Every structure is written in C-alpha cells, then in structure tokens.
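Peer 1: Chains C and B, in that order, give the protein sequences. Here my numbering is used: the first residue of the first sequence is 433, the next is one more, and so on. Here my numbering is used: the first residue of the second sequence is 433, the next is one more, and so on. Glycine is no exception: its CB is placed at the ideal position from the N, C-alpha and C atoms. Being a predicted model, the structure only gives us computed values, none of them experimental.
Number of protein chains: 2
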Amino acid sequence: MGGDRAPGVVIEAAPALRDVVLVGRPELLPQGLGLPVVPAPEVVEMGDGATAPLRAKPRSSIRLALEEVAAGRAAGMVSCGHSGAVLAGAVFVLGLLPGVERPALVSVIPRGDGGSLALLDLGANVDCKPELLAGFARMGAAYARVVMGLEEPRVGLLSNGEERGKGNQQVKAALPLLEALPLRFVGPTEPTDALRGAVDVLVCDGFVGNVLLKTVEATLEASASLLRRELDGHPLEQLGVWLMSGALRRFRARTSASAFGGALLLGVNGVVVVGHGRSDARAVRSAVALARRCADGGLPRRVAEAMAGGGG
Amino acid sequence: MGGDRAPGVVIEAAPALRDVVLVGRPELLPQGLGLPVVPAPEVVEMGDGATAPLRAKPRSSIRLALEEVAAGRAAGMVSCGHSGAVLAGAVFVLGLLPGVERPALVSVIPRGDGGSLALLDLGANVDCKPELLAGFARMGAAYARVVMGLEEPRVGLLSNGEERGKGNQQVKAALPLLEALPLRFVGPTEPTDALRGAVDVLVCDGFVGNVLLKTVEATLEASASLLRRELDGHPLEQLGVWLMSGALRRFRARTSASAFGGALLLGVNGVVVVGHGRSDARAVRSAVALARRCADGGLPRRVAEAMAGGGG
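Have a look at this one:
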C-alpha cells in the first residue's frame with residue numbers, strides 16, 4: 433500500500449513476481465493477479481507517526497506484512513511506504529538481533545571502477561554515538577558478504593580526509609573502535625576514494641549517509657540536465673547523443689535508484705527492505721529480488737554472528 | 433609556493449594575470465614573468481602544523497602574502513597550499529570581522545537548472561554548535577550578494593528532509609536561529625532540492641559540507657568512468673561521443689573544480705582564497721578572478737554589515 437504510486441506499481445510488477453504474498457486492501461487489487469493476498473484493512477499514511485503500526489493501526493499492511501515474517505510464513509518483507517513506520521514496526525514485531533543496539537539502513541551505490549559500495553547508515557539514526565558506528569561496520573561487512581558476495585569486504589569510515597588528524601569528534605572517537613574490530617578496516621575514507629573503489633563498505637551516521645546518498649542522486653540528475661542544456665542548438669551533437677543512446681541507457685540502468693531495490697534494514701531479526709517512495713515497477717521487482725537474496729543468504733543469522741564477534 | 437604542482441602552475445598561469453604580486457622563492461621563478469615578486473624564503477609544507485605561519489615559519493609565503501593584504505598593498509590573497517595554515521594565518525594576521533565567531537569556507541557548485549549553489553562551511557569547522565550555522569547563513573548570503581550578484585539570495589539549511597521533524601539535533605537546534613535572521617530563509621533543504629535550484633546558499637557544518645562537495649566531485653568522476661566502460665566494444669556509440677565531444681567539453685568547463693577558483697574564506701578582515709591542492713593553471717586564474725571579484729565588491733565590509741544584522 434505504500435509509496436507515491438501504490439498500489440499501481442505493485443500491480444504492474446506483479447506478473448514478474450513469484451512466491452510473493454501481497455499484503456493490503458483486497459478491493460484495490462484486480463482479479464487474477466495470481467498472487468495470494470493477506471488482507472490488511474488499515475494503511476499507514478505518510479502523515480502518521482512512526483509508531484502507527486504498533487498502536488493506532490495494528491491491522492495496517494506494514495504491521496501485517498511484518499507479522500508474516502515473524503510467523504515464518506514469509507522470508508522477508510518489502511515496503512515502499514512510511515520508512516519510519518517500517519523501522520519502528522520491524523523493531524517491535526521482529527525484535528533486534530542479539531548485540532544490536534540500533535538497526536541501520538544500508539544500500540549500495542555504483543563505484544567508478546565498476547564495483548559497488550555499501551553505504552550505511554542511511555537515516556535510521558541521525559544522531560550517533562561512536563559505538564553505533566562500530567556496530568554499523570560489523571553489520572555492513574556481513575551485508576557485503578551475503579549480498580555482494582565478498583569474502584573479506586574492505587570497510588572504511590567516512591571522513592573529510594584520510595589522515596588521522598582529520599574528521600569531526602564523532603569520527604575521531606569511532607576510529608579506535610573500528611580499528612579494534614575483527615574485520616578488514618581500511619581507515620578514514622573520503623567520498624572520492626570510496627567511489628573510486630578504495631572500500632566496499634562505507635560507514636557513517638544516518639544524517640551524513642542520507643545526505644551523501646541524496647547528493648549522488650542529485651549530482652546524476654543535475655549532470656543530465658546540464659548536459660541537455662549544452663546540447664541545445666547543436667544538432668550534430670544531438671545526433672551524437674542519439675548514436676550513443678544505448679550506452680546512456682545501460683549507464684542509467686546501472687546507476688538509477690530503481691536498480692538497487694531500496695535499502696535493507698540491518699539488525700532486526702528478519703529481512704526488511706525499505707523501497708523508495710517514488711519506486712516504479714522495476715524498483716519494486718529489484719526490492720523483492722534484494723529481499724530474496726538476503727533471505728536466501730541467511731542475512732539475519734550472519735549479522736547476529738558478526739555482532740557476536742565472528743566473521744558473520 | 434603551495435599546491436601539488438607549485439610553483440609550475442602559477443608560472444603557467446602568470447601570462448594571463450594582471451595586477452598580481454607573486455609571493456615565494458624568487459630563485460624558483462623564471463626571468464621575465466612580468467609580475468612583481470615579494471620574496472618569501474620559507475615554505476609551509478603539507479606536513480607542517482596549521483600554526484606554522486604564526487610561529488615556526490613567519491617568513492613563509494602564506495604569512496607574507498597575508499601581510500601584503502593586511503598592509504593594504506594587496507586587495508586579496510590566493511594560496512593553493514596548506515589550507516589549515518592559510519586559515520590560521522588569516523585569522524592571526526587579518527583578524528576576524530566584528531560579530532564573527534568562526535570563519536567559514538564557501539564555494540559554489542553548479543545546479544541542474546543552470547544556476548549556482550554557494551555551499552558552506554566546507555571544512556573550516558568540522559564540529560559546529562548551532563549558533564555557528566546562523567553565522568554561516570549571514571556570511572553566505574553576503575557572499576551570494578557580492579559574488580553571485582543576487583539581491584535576495586534564498587538560504588537553506590542542509591537536512592535529510594524538508595519536514596521540521598527531520599534533521600539531526602544540530603539541525604533542529606539551528607532551525608529557529610536561522611528562521612529569526614533578517615534574510616530569505618527557505619527552511620531545511622535536501623541535497624536533491626538544493627541542486628535542482630530551490631536555494632542559492634546551502635548551510636551546514638564543515639564536516640558534512642566537505643563530504644557533500646567531495647561527493648559531487650566523486651559522482652561526476654565515477655559517472656564519467658562508468659560511461660566510458662559502457663562504450664567499450666561499441667564503435668557506433670563511440671562515434672556518437674566523438675560527435676558530441678563539444679558538449680562534453682562545455683559541460684566539463686562548467687562543472688570542473690578548476691572553473692570555480694577554489695573556496696573563499698569568509699569572516700576574516702580581508703579577501704583570502706584557498707585553491708585546491710590539485711589546481712592547474714586554469715584553476716589558479718579562476719582563483720585570482722574570484723579574489724578580485726570579492727575585493728572589488730567589498731566583501732569583507734559586506735560580511736561585517738551582514739553580521740551586524742543588516743542586509744550585507
């Protein structure tokens with residue numbers, strides 16, 4: 433039921449989905465979708481508080497989808513709705529994994545070297561004490577092992593320079609904690625080096641991570657606009673763009689938000705994917721695929737192992 | 433003397449410079465450059481502390497260039513060297529303007545709508561109490577009036593959402609302070625909206641601002657790499673790129689760091705431009721042009737007026 437274009441985009445995505453249970457208002461779904469439906473009479477609206485699935489709307493689609501996961505009837509859940517409500521609901525219904533103080537949102541962005549960078553936290557915790565960043569590093573490494581298939585992911589701590597003297601108080605306090613972890617910690621890392629391929633996992637607080645992710649998206653969007661402006665009144669150059677449109681299409685497919693299936697909520701005892709509110713059908717399919725990959729890889733168990741000090 | 437390619441890039445830029453005094457080691461400069469030289473026997477190295485121009489190296493080029501400004505013999509100074517030393521030296525030699533608690537670094541980045549966004553602080557203050565952000569807003573608005581020619585620049589406070597409930601503790605505490613200022617404050621602003629054109633000045637702490645600026649640069653670099661990869665083995669698409677290379681060149685000219693002349697140090701009683709360490713000759717020329725524009729517009733006086741509560 434969530435997202436700016438719900439349930440339309442979910443209906444559009446449905447034919448390509450298998451082994452998926454839809455949770456929401458049955459009267460809004462067309463006949464013959466071929467997918468089972470768990471009826472949920474309530475909907476968490478964007479104006480609702482984050483605790484709506486806990487108290488005011490216990491029969492909302494967010495709450496009931498999480499119950500499916502908790503009961504073991506679903507391997508994971510995907511929502512493109514109220515992310516704060518999904519987060520609060522997930523902690524309430526699924527519970528935190530042992531050793532996890534706060535859950536974190538992680539997503540991957542494309543690096544310039546063709547690899548991927550897992551970035552966390554993306555906004556679950558906008559104010560973080562240094563200890564939380566160490567937890568994010570453990571969980572992020574487990575995510576990179578399961579989802580990105582890396583045996584020994586390189587983890588960096590986002591900073592404004594790679595020298596030890598750089599960084600704000602938070603980074604300086606977190607640095608020794610991350611250095612003491614049983615993982616391949618690269619050190620303080622600038623965005624430039626991270627996007628060139630110096631690390632596989634980049635750790636920061638949720639405010640900075642959210643700003644970083646949105647800045648990547650905003651820069652891609654602004655670049656496309658500016659390039660279009662430069663083409664105005666240059667027909668030969670426009671022909672050039674037409675000739676290379678295949679490359680641009682492949683580039684967009686690689687870099688668009690809908691390619692990445694949204695953010696995964698790390699630290700709860702279940703697989704929860706928070707899709708973008710502006711998700712289209714492709715993004716919904718990517719989100720389902722991401723949830724499936726995390727479930728198949730036993731991500732919650734791997735995160736719990738990582739938090740217990742093992743390799744995850 | 434500063435920067436990775438000094439003094440070569442300065443020498444290369446020299447023929448295009450007028451009314452410029454070079455400060456540095458005379459023996460490293462070729463004859464017949466046509467520019468007067470203030471000899472400075474010492475050089476602040478990147479490994480030196482930020483206080484080197486104050487104590488250990490009082491005859492360094494950074495210190496002596498600042499003295500030229502303080503004595504009124506130069507209208508402003510440009511350095512591509514140790515930015516921490518330039519900052520500390522500028523506060524020591526030129527002093528802070530009345531009402532300024534901490535100076536800030538500001539630079540402009542291109543927006544998708546063809547306009548420019550002034551972003552501050554870029555790293556002079558990696559840990560900021562909320563009051564400092566209000567000072568940055570005043571100084572940033574004065575900068576936008578003088579350098580960007582805007583009468584009533586729109587100022588935003590960087591946040592992870594435009595709703596009042598979003599933002600970290602710092603943003604929430606700064607919000608009422610910025611709302612009380614005598615300027616056109618738009619409210620909490622996401623990077624996406626800022627780069628689409630919603631604001632002319634974006635205020636944040638120096639850690640986040642540094643990360644944001646480097647993320648823009650990193651995304652542009654990564655996009656170019658990824659697009660090149662997509663072209664591999666597609667000769668027709670490569671031909672397309674060749675046909676549109678003029679647009680790409682104009683786009684790079686608009687968006688490259690060297691187009692912007694580095695960052696300006698706001699809040700000190702003089703015009704100080706901190707160029708990128710990787711500056712080329714074009715970046716040096718841009719930095720000199722920026723310093724001249726700030727000096728001609730009486731920027732320090734306008735900043736002092738803005739801090740005193742006026743329009744700047």
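1) Based on the DSSP secondary-structure assignment, which residues constitute the bridge partners of C:A695?
2) Any idea what DSSP makes of C:V618, helix, strand or coil?
3) Is the distance from the Cβ of B:S511 to the Cβ of B:A497 below 8 Å?
4) Candidates C:A488, C:L467, C:E737 and C:V469: which alpha carbon is nearest C:V476's?
5) Which residues does DSSP pair with B:V540 in a beta bridge?
6) Got a sec: is the Cβ-Cβ distance from C:Q601 to anything in chain B below 8 Å?
7) Could you give the DSSP three-state label for B:V635: helix, strand or coil?
8) Roughly how far, in whole angstroms, is the beta-carbon of B:L731 from the beta-carbon of B:V578, given that I think they are within contact range, below 8 Å?
9) Out of curiosity, what's the CA-to-CA distance linking C:L659 and C:G555?
10) Taking the CB atoms as reference points, tell me whether C:V761 and C:L552 lie closer together than 8 Å.
11) Quick check: is the beta carbon of C:E563 nearer than 8 Å to any beta carbon in chain B?
12) Using a Cβ-Cβ cut-off of 7 Å (strictly less than) and excluding sequence neighbours within five positions of C:A738, which residues of its own chain qualify?
13) Between the Cα of B:L465 and those of B:M478, B:T687, B:A445 and B:P471, spot the shortest distance and give me the residue it belongs to.
14) Taking the alpha carbon of B:A605 as the point to measure from, which residue in B:C560, B:E649, B:M478 and B:L698 has its own alpha carbon closest?
15) Are the C-beta of C:V633 and some C-beta of chain B separated by less than 8 Å?
16) Cα separation between C:G546 and C:R686?
17) Which runs of the alpha helix (DSSP H) fall wholly inside the segment 542–609 of chain B and span at least 4 residues, in chain order?
18) Excluding the 5 residues preceding and the 5 following C:H708 in the sequence, name in chain order all residues of the same chain whose CB lies nearer than 7 Å to its CB.
19) So with Cβ pairs under 8 Å, would you call C:M580 a contact of chain B?
20) In chain C, what lies closer than 7 Å to B:E649 by C-beta?
21) Can you list, in chain order, the residues of its chain with a C-beta nearer than 7 Å to that of B:R626? Leave out the 5 residues immediately preceding and following it.
22) Under a CB-based cut-off of 8 Å, is B:G464 close to chain C?
23) Which runs of the beta strand (DSSP E) fall wholly inside the segment 488–515 of chain C and span at least 3 residues, in chain order?
24) Going by C-alpha distance, which of B:R724, B:P447, B:V603 and B:A438 is nearest B:G456?
25) Leaving out five residues on either side along the sequence, give the residues of the same chain with a beta carbon under 8 Å from the beta carbon of B:G544.
26) Can you list, in chain order, the residues of its chain whose CB lies under 7 Å from that of B:S492, leaving out five sequence neighbours each side?
27) Is it buried or exposed for B:I530, if we count other Cβ within 10 angstroms and need 16 for buried?
28) Could you name the residues of chain B that C:F639 contacts, counting a contact when the two beta carbons are closer than 7 Å?
29) Would you kindly work out how many angstroms separate the C-alpha atoms of B:G593 and C:H514, rounded to a whole number?
30) Suppose contacts are defined by Cβ-Cβ distances below 8 Å. Is C:R538 in contact with C:L698 by that definition?
31) Along the chain, where does the alpha helix (DSSP H) containing C:P732 start, and where does it finish?
32) Is B:R661 close to chain C? Criterion is C-beta to C-beta, closer than 8 Å.
33) Given this structure, state the Cα-to-Cα distance separating C:P667 from C:E653, to the nearest angstrom.
34) Please work out which residues of its chain come closer than 6 Å, Cβ to Cβ, to B:A507, disregarding the five sequence neighbours upstream and downstream, and give them in chain order.
35) Thinking C-beta only, is C:L449 closer than 8 Å to C:L461?
36) Looking at the secondary structure, which residues open and close the beta strand (DSSP E) in which B:V774 lies?
Peer 2: Judging by the given coordinates:
1) Your numbering for residue 695 of chain C matches position 263 in the first sequence. Partner(s): C:V706.
2) As a working note, residue 618 of chain C is residue 186 in the first sequence. In this structure, C:V618 counts as strand in the three-state DSSP scheme.
3) Residue 511 of chain B sits at position 79 when you count from the first residue of the second sequence. Residue 497 of chain B sits at position 65 when you count from the first residue of the second sequence. Yes.
4) Taking the first sequence and counting its residues from 1, one reaches residue 476 of chain C at position 44. Taking only the C-alpha atoms, the option nearest C:V476 is C:A488.
5) Within the second sequence, residue 540 of chain B is the residue found at index 108, counting from 1. Paired residue(s): B:A550.
6) As a working mapping, residue 601 of chain C is identified with position 169 in the first sequence. True, the Cβ-Cβ gap to chain B drops below 8 Å.
7) Locating residue 635 of chain B in the second sequence gives position 203, where the first residue counts as 1. Three-state result, B:V635: strand.
8) The count along the second sequence starts at 1 and reaches residue 731 of chain B at position 299. The count along the second sequence starts at 1 and reaches residue 578 of chain B at position 146. So it is a contact: roughly 5 Å between Cβ atoms.
9) Residue mapping note: residue 659 of chain C aligns to position 227 of the first sequence, counting from 1. Residue mapping note: residue 555 of chain C aligns to position 123 of the first sequence, counting from 1. Each residue's alpha carbon lies about 31 Å from the other.
10) For chain C, the structure presents residues 433 to 744; residue 761 of chain C sits outside this window and is missing.
11) Here residue 563 of chain C refers to the residue found at position 131 of the first sequence. Answer no: the Cβ-Cβ gap between C:E563 and chain B never drops below 8 Å.
12) Sequence index remark: in the first sequence, residue 738 of chain C carries index 306 (1-based). These residues qualify, in order along the chain: R570, M571, A573, A574 and G744.
13) Translated into positions along the second sequence, residue 465 of chain B becomes position 33. Comparing Cα positions, the closest option is B:A445.
14) For this step, residue 605 of chain B is matched to residue 173 along the second sequence. The shortest C-alpha separation from B:A605 is found at B:C560.
15) As a first step, residue 633 of chain C is located in the first sequence; it is residue number 201 there, counting from the start. Output row for C:V633: interface = no.
16) Residue mapping note: residue 546 of chain C aligns to position 114 of the first sequence, counting from 1. Residue mapping note: residue 686 of chain C aligns to position 254 of the first sequence, counting from 1. C:G546 and C:R686: Cα-Cα distance of roughly 9 Å.
17) 562–579
18) Locating residue 708 of chain C in the first sequence gives position 276, where the first residue counts as 1. Excluding residues within five positions, the ones whose Cβ falls inside 7 Å are C512, A689, G694 and A715.
19) Your numbering for residue 580 of chain C matches position 148 in the first sequence. No - not a single Cβ of chain B is within 8 Å of the one on C:M580.
20) On the second sequence, position 217 is the one that residue 649 of chain B refers to. Neighbours of B:E649 on chain C, chain order: T624.
21) The residue labelled residue 626 of chain B in the question sits at position 194 within the second sequence. Note on residue identity: the sequence assigns Ala, not Arg, to residue 626 of chain B. Closer than 7 Å at the Cβ level, and outside the excluded window around B:A626, lie L549, G588 and L634.
22) Here residue 464 of chain B refers to the residue found at position 32 when the second sequence is read from its first residue. Chain C, which has no Cβ nearer than 8 Å to the Cβ of B:G464, makes this no.
23) 509–511
24) Numbered from its first residue, the second sequence carries residue 456 of chain B at position 24. Considering only alpha carbons, the answer is B:A438.
25) Working through the second sequence from its first residue, we reach residue 544 of chain B at position 112. The residues are L627, R628 and G629.
26) In the second sequence, counting from the first residue as 1, residue 492 of chain B sits at position 60. Once the five neighbours on either side are set aside, the close Cβ partners of B:S492 are A472, E474, V475, V476, A484 and P485.
27) Counted from its first residue, the second sequence places residue 530 of chain B at position 98. Note that residue 530 of chain B corresponds to Pro in the displayed sequence, not to Ile. The residue in question, B:P530, is exposed, as its Cβ has fewer than 16 Cβ neighbours within 10 Å.
28) The residue you call residue 639 of chain C lines up with position 207 of the first sequence. Result: N592 and N600.
29) Along the second sequence, read from residue 1 onward, the residue named residue 593 of chain B stands at position 161. Along the first sequence, read from residue 1 onward, the residue named residue 514 of chain C stands at position 82. One C-alpha to the other measures close to 13 Å.
30) As a working mapping, residue 538 of chain C is identified with position 106 in the first sequence. As a working mapping, residue 698 of chain C is identified with position 266 in the first sequence. For the sequence presented, residue 538 of chain C should be read as Val rather than Arg. Cβ atoms of C:V538 and C:L698: closer than 8 Å.
31) In the first sequence, the residue the question calls residue 732 of chain C occupies position 300. Per DSSP, C:P732 belongs to the alpha helix (DSSP H) from L731 to M739.
32) Residue 661 of chain B sits at position 229 when you count from the first residue of the second sequence. Yes, B:R661 lies at the interface with chain C (some Cβ there is under 8 Å from its Cβ).
33) In the first sequence, the residue the question calls residue 667 of chain C occupies position 235. In the first sequence, the residue the question calls residue 653 of chain C occupies position 221. Each residue's Cα considered, the two are about 23 Å apart.
34) Your numbering for residue 507 of chain B matches position 75 in the second sequence. Around B:A507: A727.
35) Position 29 of the first sequence holds residue 461 of chain C. Position 17 of the first sequence holds residue 449 of chain C. Against a cut-off of 8 Å, the Cβ pair of C:L449 and C:L461 comes out as no contact.
36) Examination of residue 774 of chain B is not possible in this model, given that chain B is present from 433 through 744 alone.
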